[in-house]
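S.K.: Sharing a structure below in structure tokens format, with a few things to ask.
Here you go:
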């Protein structure tokens with residue numbers, strides 16, 4: 001692992017590996033108790049098919065994590081993506097057993113995946129005169145704040161909806177056509193590239209390390225906007241140089257790349273908003289939500305973080321080492 005050049009109080013680390021986990025429960029406990037000793041906050045999923053982890057950790061504890069991962073029998077040798085952060089970006093330590101690492105809701109044989117393109121190769125392919133078919137394996141709200149030039153907005157709000165797109169692809173894209181695909185960190189492409197190969201597409205390529213690694217190596221080249229991430233930061237720059245805002249305020253249509261969850265905890269809708277509209281609507285996505293029974297108080301100027309659903313406030317604040325979901 002390579003630390004970011006800019007030192008910060010915390011580090012955000014993400015990693016995954018696909019492969020057989022013989023004892024899922026033991027792996028959950030291993031992650032949980034080690035992370036708990038370092039005040040890690042995380043979202044870690046362990047399944048029979050592998051491990052997918054995102055976490056935040058204090059800068060001074062990072063070398064201990066690095067050493068633990070280096071000696072971990074399943075994860076040793078696998079690269080992590082590392083970013084600086086001003087604070088913890090997850091609400092608590094959460095390590096869970098999962099039936100699927102990515103919720104495509106169908107069994108996918110990942111013994112054969114798409115061919116990796118390094119960030120440099122990906123950039124070169126984007127600059128080819130005859131570009132391959134480009135698939136962004138992220139949700140529509142992720143695409144709205146940032147995407148590669150020439151990519152088409154995916155009309156999907158969850159991973160499982162991508163499976164339904166394959167029949168349409170078969171009708172419009174030749175099985176011999178070169179297909180490029182990308183996602184945030186790479187794991188969704190592992191599964192979806194396998195699914196395409198198993199459905200007859202022969203030339204499938206995926207961005208190695210995902211958009212995060214591309215940004216680290218190539219910056220904003222051929223990229224527009226910011227990157228949506230599933231933690232308290234919500235949107236980040238992929239490179240060291242900030243990119244122009246391409247997102248649009250849900251209320252007034254002015255440029256905005258700030259996502260918020262509706263202050264009405266029974267709604268919790270994720271929407272883009274400028275600061276003026278957010279204040280006018282008191283943190284809600286629409287007028288009706290302001291009159292809800294359980295509306296979180298909105299304080300102008302407060303640093304924006306994802307609002308939690310009502311169920312979150314009802315749960316214990318203690319760390320979670322959970323069973324299968």
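Residue numbers (UniProt numbering): 1 to 325. Yeah, the Cβ is synthetic: ideal placement off N, Cα and C, and Gly gets one too.
#1: Distance, Cα to Cα, residue 24 vs residue 96?
#2: Rounded to whole angstroms, what's the CA-CA distance from residue 7 to residue 176? Just pull it up for me.
#3: So what's residue 246 in DSSP terms, helix, strand or just coil?
#4: What separation, rounded to the nearest whole angstrom, lies between the Cα atoms of residue 230 and residue 270?
#5: Following the continuous beta strand (DSSP E) through residue 37, name the residue where it begins and the one where it ends.
#6: Could you tell me whether the segment 187-199 touches the segment 161-178, where touching means 3 or more Cβ pairs closer than 8 Å?
#7: Quick check: what's the CA-CA separation for residue 10 versus residue 236?
#8: Any idea what DSSP makes of residue 202, helix, strand or coil?
#9: Measuring alpha carbon to alpha carbon, tell me which of 33, 78 and 28 ends up nearest residue 45.
#10: Of the residues 186, 286, 106 and 276, which one's Cα is nearest the Cα of residue 135?
#11: Could you name the residues of the same chain whose beta carbon sits closer than 6 Å to that of residue 267, not counting the 5 residues immediately before and after it, in chain order?
#12: Just verifying my parser: in three-state terms, what is the DSSP assignment at residue 64?
#13: Excluding the 5 residues flanking residue 105 on each side, which residues of the same chain have their C-beta closer than 6 Å to its C-beta?
#14: Could you spell out the range, first to last residue, of the alpha helix (DSSP H) harbouring residue 162?
#15: Can you check whether the CB of residue 12 is closer than 7 Å to the CB of residue 85?
#16: Buried or exposed for residue 119, going by 16 or more other Cβ atoms inside 10 Å?
#17: Name the DSSP bridge partner or partners of residue 14?
#18: Residue 287 by DSSP, collapsed to three states: which one?
#19: Let me check understanding here. Comparing Cα to Cα, which of 239, 273, 227 and 226 lies closest to residue 218?
#20: When you compare only the Cα positions, how much space is there between residue 303 and residue 174?
#21: Give the straight-line distance between the Cα atoms of residue 113 and residue 233, rounded to the nearest whole angstrom.
#22: Applying the criterion that 16 or more other CB atoms from any shown protein chain within 10 Å of the CB defines a buried residue, is residue 315 buried or exposed?
#23: Can the beta-carbon of residue 263 be found closer than 7 Å to that of residue 298?
#24: Cα-Cα, which of 138, 61, 69 and 56 is closest to residue 30?
#25: Applying the criterion that 16 or more other CB atoms from any shown protein chain within 10 Å of the CB defines a buried residue, is residue 71 buried or exposed?
#26: Determine the DSSP secondary structure at residue 255, reduced to helix, strand or coil.
#27: Under a three-way DSSP split, which group does residue 9 fall into?
#28: From this set, 178, 258, 37 and 296, which residue's C-alpha is nearest residue 227's C-alpha?
#29: Less than 7 Å between the C-beta atoms of residue 246 and residue 225, yes or no?
#30: Using a threshold of 7 Å, state whether the C-beta atoms of residue 93 and residue 35 are closer than that.
#31: If you drop the 5 nearest sequence neighbours on each side, which residues of the same chain put their C-beta closer than 7 Å to that of residue 52?
#32: Can you tell me the Cβ-Cβ gap for residue 148 and residue 223, rounded? I've got them flagged as a contact below 8 Å.
#33: Within 10 angstroms of its Cβ, does residue 56 collect 16 or more other Cβ (buried), or is it exposed?
M.R.: A quick look at the data gives this:
#1: Residue 24 sits at position 24 when you count from the first residue of the chain shown. Residue 96 sits at position 96 when you count from the first residue of the chain shown. So the two alpha carbons sit approximately 9 Å from each other.
#2: Along the chain shown, one-based indexing puts residue 7 at 7. Along the chain shown, one-based indexing puts residue 176 at 176. Their backbone Cα atoms lie some 46 Å apart in a straight line.
#3: Within the chain shown, the letter at position 246 stands for residue 246. Three-state DSSP puts residue 246 in coil, outside helix and strand.
#4: The residue given as residue 230 occupies position 230 in the chain shown. The residue given as residue 270 occupies position 270 in the chain shown. Straight-line Cα distance between these residues: approximately 12 Å.
#5: What you label residue 37 is simply residue 37 of the chain shown in a count that begins at 1. Run containing residue 37: none in the beta strand (DSSP E); it sits in the alpha helix (DSSP H), 24-37.
#6: yes
#7: Here residue 10 refers to the residue found at position 10 of the chain shown. Here residue 236 refers to the residue found at position 236 of the chain shown. Cα-Cα distance, rounded: 15 Å.
#8: As a working note, residue 202 is residue 202 in the chain shown. In the structure shown, residue 202 sits in coil (DSSP, three-state: anything other than H, G, I, E or B).
#9: Your numbering for residue 45 matches position 45 in the chain shown. Comparing Cα positions, the closest option is 28.
#10: Taking the first residue of the chain shown as position 1, residue 135 is located at position 135. Measuring from the Cα of residue 135, the nearest candidate turns out to be 186.
#11: Locating residue 267 in the chain shown gives position 267, where the first residue counts as 1. Closer than 6 Å at the Cβ level, and outside the excluded window around residue 267, lie 289.
#12: The sequence position of residue 64 within the chain shown is 64, counting from 1. Of the three classes helix, strand and coil, the one that applies to residue 64 here is helix, per DSSP.
#13: As a working note, residue 105 is residue 105 in the chain shown. Same-chain partners within the cutoff: 160.
#14: For the purposes of this step, residue 162 is identified with residue 162 of the chain shown, where counting begins at 1. Here the alpha helix (DSSP H) through residue 162 covers 160-163.
#15: One-based indexing of the chain shown puts residue 85 at position 85. One-based indexing of the chain shown puts residue 12 at position 12. Cβ atoms of residue 85 and residue 12: closer than 7 Å.
#16: Locating residue 119 in the chain shown gives position 119, where the first residue counts as 1. It is buried - the Cβ of residue 119 has at least 16 other Cβ atoms within 10 Å.
#17: Taking the first residue of the chain shown as position 1, residue 14 is located at position 14. Its beta-bridge partners are 54 and 81.
#18: Start at 1 with the first residue of the chain shown, and residue 287 comes out as number 287. Residue state, collapsed to three classes: helix.
#19: Looking up residue 218 in the chain shown gives position 218. That would be 239, whose Cα lies nearest to the Cα of residue 218.
#20: Counted from its first residue, the chain shown places residue 303 at position 303. Counted from its first residue, the chain shown places residue 174 at position 174. Residue confidence for residue 303 is low, a pLDDT of 43 falling below 50, so the modelled location carries little weight; the figure read from the coordinates is stated next. If I take the Cα positions, the gap works out to 47 Å.
#21: Start at 1 with the first residue of the chain shown, and residue 113 comes out as number 113. Start at 1 with the first residue of the chain shown, and residue 233 comes out as number 233. Rounded to whole angstroms, residue 113 to residue 233 spans 30 Å at the Cα level.
#22: In the chain shown, counting from the first residue as 1, residue 315 sits at position 315. With a pLDDT of only 46 at residue 315, under 50, the local geometry of the prediction cannot be trusted, and the value read off the model is given with reservation. With fewer than 16 Cβ atoms within 10 Å of its Cβ, residue 315 is classed as exposed.
#23: By 1-based counting over the chain shown, the position of residue 263 is 263. By 1-based counting over the chain shown, the position of residue 298 is 298. Yes. Within cutoff.
#24: As a first step, residue 30 must be located in the chain shown, where it is residue number 30. Closest option to residue 30, Cα to Cα, is 69.
#25: In the chain shown, the residue the question calls residue 71 occupies position 71. Residue 71 comes out exposed.
#26: Indexing the chain shown from 1 puts residue 255 at position 255. Correct three-state label for residue 255: strand.
#27: Reading the chain shown from its first residue, position 9 is the one you call residue 9. In this structure, residue 9 counts as coil in the three-state DSSP scheme.
#28: Translated into positions along the chain shown, residue 227 becomes position 227. Residue 227 has its Cα closest to that of 258, out of 178, 258, 37 and 296.
#29: Here residue 246 refers to the residue found at position 246 of the chain shown. Here residue 225 refers to the residue found at position 225 of the chain shown. Result yes, Cβ atoms of residue 246 and residue 225 sit closer than 7 Å.
#30: In the chain shown, the residue the question calls residue 93 occupies position 93. In the chain shown, the residue the question calls residue 35 occupies position 35. Taking 7 Å as the Cβ cut-off, residue 93 and residue 35 qualify as a contacting pair.
#31: Position 52 of the chain shown, counted from the start, is the residue given in the question as residue 52. So the qualifying residues of the chain are 16, 45, 101 and 187.
#32: Within the chain shown, residue 148 is the residue found at index 148, counting from 1. Within the chain shown, residue 223 is the residue found at index 223, counting from 1. About 6 Å; that satisfies the 8 Å criterion.
#33: Walking along the chain shown from the start, residue 56 turns up at place 56. Buried: at least 16 other Cβ atoms inside 10 Å.
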